[in-house]
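Trainee: So the sequence shown is numbered by the numbering used here: it starts at 31 and just counts up by one. Handing you this structure, nothing more for now.
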Amino acid sequence: MKLCAENMLNANKNYLRTALSEVTAAKTKSGIIKDDGLRKKVVDFLGKAIDHLK
């Protein structure tokens, strides 16, 4: 059971890291997120979520 929980935690961390890198790259790729303030809020939120899972 503990191993299952650790695997789920690691999967969540990896998912959040992937989301963070996608959002960070979105501005340079094609301007998907044109509102830089919103992009910063999303990056900050994802960063805090990753830190919380550590």
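The beta carbon of each residue, even a glycine, is placed where N, CA and C say it ideally should be.
1. How is M31 classed by DSSP in three states: helix, strand or coil?
2. In whole angstroms, what separates the C-alpha of L76 from that of M31?
3. With a cut-off of 8 Å on the beta carbons, I'd call L83 and N42 a contact; round off their distance for me.
4. Whole angstroms is fine: what's the gap from V72's alpha carbon to A35's?
Mentor: Taking the definition as stated:
1. Sequence index remark: in the sequence shown, residue 31 carries index 1 (1-based). Looking at M31 - three-state DSSP - the assignment turns out to be coil, as it is neither helix nor strand.
2. The count along the sequence shown starts at 1 and reaches residue 76 at position 46. The count along the sequence shown starts at 1 and reaches residue 31 at position 1. Distance between the alpha carbons of L76 and M31 is about 27 Å.
3. Residue 83 sits at position 53 when you count from the first residue of the sequence shown. Residue 42 sits at position 12 when you count from the first residue of the sequence shown. That pair is a contact at about 6 Å.
4. Here residue 72 refers to the residue found at position 42 of the sequence shown. Here residue 35 refers to the residue found at position 5 of the sequence shown. Whole-angstrom Cα-Cα distance: 26 Å.
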